[in-house]
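Just below is one structure, and these are the notes that go with it.
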Amino acid sequence: MSSTGFVTFFDLASVTYAAGVSLSHCPDSLDVAVAPEARDLVWSNAHLSTVKNKRRETTANILLTLGAFFWSIPLALIQALASADKVAQIPGMAWILTVADGKMKLLVNAYLPVVLLLTLILLLPHIFKWVAVSYEKRKTKSDIDQSVVGRYFYYQLANIFISVTAGSIWKSAADIMSHPTYFLEILGNSLPTVVGYFIALLVTKILGGLPMTMLRIGALCRYVLLRIVHRKKYLTQRELDQIYRVESLWYAWEYPNQMMVIVICFTYACISPVILIFGAFFFWISLMVYKKQVLCVFTPQYESGGKLFPFVIDRTILGLICGQLTFIGYSTIRGAGVYQPLFLTPLVYFSFQMMWHFRAKYAEPSRNLTLERAIELDRKLGTFTAAPISGESPLASLRTNKNPPQLSFCSDYYKQPALTQCPGDPLPYRSNREDHLTTEARRRLAESRAHMWSRNGVVNNEHIEHPWSQTSIRVGSGNMV
25 MSSTGFVTFF
35 DLASVTYAAG
45 VSLSHCPDSL
55 DVAVAPEARD
65 LVWSNAHLST
75 VKNKRRETTA
85 NILLTLGAFF
95 WSIPLALIQA
105 LASADKVAQI
115 PGMAWILTVA
125 DGKMKLLVNA
135 YLPVVLLLTL
145 ILLLPHIFKW
155 VAVSYEKRKT
165 KSDIDQSVVG
175 RYFYYQLANI
185 FISVTAGSIW
195 KSAADIMSHP
205 TYFLEILGNS
215 LPTVVGYFIA
225 LLVTKILGGL
235 PMTMLRIGAL
245 CRYVLLRIVH
255 RKKYLTQREL
265 DQIYRVESLW
275 YAWEYPNQMM
285 VIVICFTYAC
295 ISPVILIFGA
305 FFFWISLMVY
315 KKQVLCVFTP
325 QYESGGKLFP
335 FVIDRTILGL
345 ICGQLTFIGY
355 STIRGAGVYQ
365 PLFLTPLVYF
375 SFQMMWHFRA
385 KYAEPSRNLT
395 LERAIELDRK
405 LGTFTAAPIS
415 GESPLASLRT
425 NKNPPQLSFC
435 SDYYKQPALT
445 QCPGDPLPYR
455 SNREDHLTTE
465 ARRRLAESRA
475 HMWSRNGVVN
485 NEHIEHPWSQ
495 TSIRVGSGNM
505 V
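Under this note's numbering, the first residue of the sequence shown carries the number 25, and numbering increases by one thereafter.
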């Protein structure tokens with residue numbers, strides 16, 4: 025039996041009442057929330073128990089946290105092996121040390137570690153998505169994207185901080201235990217040495233990452249490959265639709281990439297202000313690329329009402345706090361004395377305070393519709409009634425306004441899509457162009473269905489279920505309403 029159920033109401037005020045009050049005196053017996061959009065649901069996971077999912081989420085968080093702490097191991101291997109000298113040891117690659125009077129060696133030493141690091145980082149979202157969907161069994165796409173964004177962000181923090189400080193921390197563990205403030209000095213000593221590395225990373229993202237985003241290299245490669253291998257006249261309409269299918273913006277991929285650049289700029293601006301120029305140039309190009317992609321290219325798979333925005337704001341402020349701690353440590357080792365770090369310390373508190381303020385004043389209240397606004401919308405837009413009003417069309421049965429945003433009530437909106445699919449019909453060889461083979465296949469299929477219905481004694485009529493025939497659609501003791 026499923027642990028998730030949906031209850032459909034005919035007005036927003038009732039939804040607000042049900043989602044804002046305690047419906048049972050037994051703790052943890054009924055978890056009530058406003059249901060997400062139907063397109064947001066992962067139907068294969070919707071029936072699973074929330075308690076089991078929470079246990080798996082805890083296990084995954086523990087394992088991924090350990091992975092973040094040991095993230096310096098693969099990064100150290102990249103730094104040790106990604107050099108021109110190591111590449112020259114490969115049979116047939118010795119020429120790389122002497123070509124162009126050694127300039128190729130300098131180029132390989134500068135950009136090969138960056139390219140390998142970006143390749144490793146690009147694999148992380150796919151791993152996190154598999155964990156969220158296949159192991160944790162999360163029930164909504166927005167929840168999956170949010171988990172991937174959060175975990176990807178923390179691994180990028182590990183890439184920026186743990187990868188450059190882990191060696192110093194392990195070597196100075198005894199000194200840190202006796203003098204905890206020594207940790208800031210480690211940050212101040214180690215971070216300035218990798219400024220050039222992260223500037224090269226930003227340049228690579230500007231010259232390589234953003235053009236690939238604009239070109240949509242995956243869709244482009246698929247299109248070119250199919251055009252080379254197949255001829256268009258030999259492809260069916262279904263195969264052509266797969267070539268030109270719409271794509272959505274993967275927030276779990278794009279959001280962390282933007283936040284990574286912000287954190288890098290926050291961290292190293294106090295050490296090498298020139299990095300702000302590269303950061304500003306990156307966001308300028310990003311604005312042009314993503315504005316065009318979001319408005320003209322990508323088609324959203326679901327709507328979450330801006331669920332990710334407060335989450336991203338929190339992580340952005342957290343990146344600012346990491347930059348402030350780096351600045352305090354850097355000013356300490358630069359002989360600023362005691363007073364400058366002392367006066368900078370309140371910045372960390374103010375940043376945390378603003379994070380909590382935004383969360384309490386804006387993020388939490390925006391999760392649910394207020395009762396005042398719900399009543400106002402019901403008055404303006406109208407509400408459906410459970411029974412038709414005499415003399416009016418049943419499908420447009422309203423209590424007030426005659427022009428609601430939707431013209432009819434759909435009882436199948438929160439029903440699993442596999443149960444609401446219409447009988448399939450053969451597609452023509454080309455859209456809007458009938459052919460004799462498709463017409464003949466449709467005729468024979470119709471005859472077969474008619475014979476099957478007549479043999480089973482079923483009248484050849486569609487079953488029409490009117491919305492006023494039931495006052496509640498589906499009721500279940502679960503975690504979503």
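All C-beta atoms, glycine included, are put in the ideal place defined by N, C-alpha and C.
Note that the structure is a prediction, hence the values are computed from the model and not measured.
Contact between L65 and K163 is confirmed by a C-beta separation of about 7 Å, below the 8 Å threshold.
Burial is judged here by how many other beta carbons sit within 10 angstroms of a residue's own beta carbon; P389 has fewer than 16 and is exposed. In this structure, L142 keeps its C-beta atom at 7 Å or more from the C-beta atom of A398. Counting only runs of 4+ residues, the alpha helix (DSSP H) found wholly inside the stretch 222-277 occupies 234-239, 241-253 and 261-267, in chain order. Nearest C-alpha to M379 among R339, V139, G347 and I352: R339.
With fewer than 16 other Cβ atoms inside 10 Å of its own Cβ, P115 counts as exposed. Here L344 really is in contact with F290; their C-beta atoms are around 5 Å apart, less than 8 Å.
The beta-bridge partner set that DSSP reports for L136 is empty.
Taking 7 Å as the cut-off, the beta carbon of P137 is found closer than this to the beta carbon of I102. Put simply, the backbone Cα of S38 is about 33 Å away from that of S272. Bounds of the alpha helix (DSSP H) holding S166 are K165 to L181. Closest in C-alpha terms to I352, from the list P280, M312 and C294, comes C294.
A straight-line Cα-Cα distance of about 33 Å links F177 and Q440. In this structure V172 is in contact with F152, their Cβ atoms being roughly 4 Å apart against a cut-off of 8 Å. Under the three-state reduction of DSSP, L393 is assigned to coil, being neither helix nor strand. Using a C-beta cut-off of 8 Å, the stretch 310-318 makes no contact with the stretch 247-265, since fewer than three inter-stretch Cβ pairs fall below that distance. Apart from the 5 residues on each side of it in sequence, S73 sits with its Cβ closer than 7 Å to the Cβ of S27 in its chain, given in chain order. Out of A59, F306 and T350, the CA that lies nearest to the CA of Y292 is found in T350.
As DSSP reads the structure, L65 sits in a beta bridge with T164. Boundaries of the alpha helix (DSSP H) harbouring Y314: I299 to K316, taken from the DSSP string. Of P149, Y438 and C434, the smallest CA-CA separation from Q180 is found for P149.
With respect to the C-alpha of V298, the residue from F333, G233, L226 and W154 having the closest C-alpha is L226.
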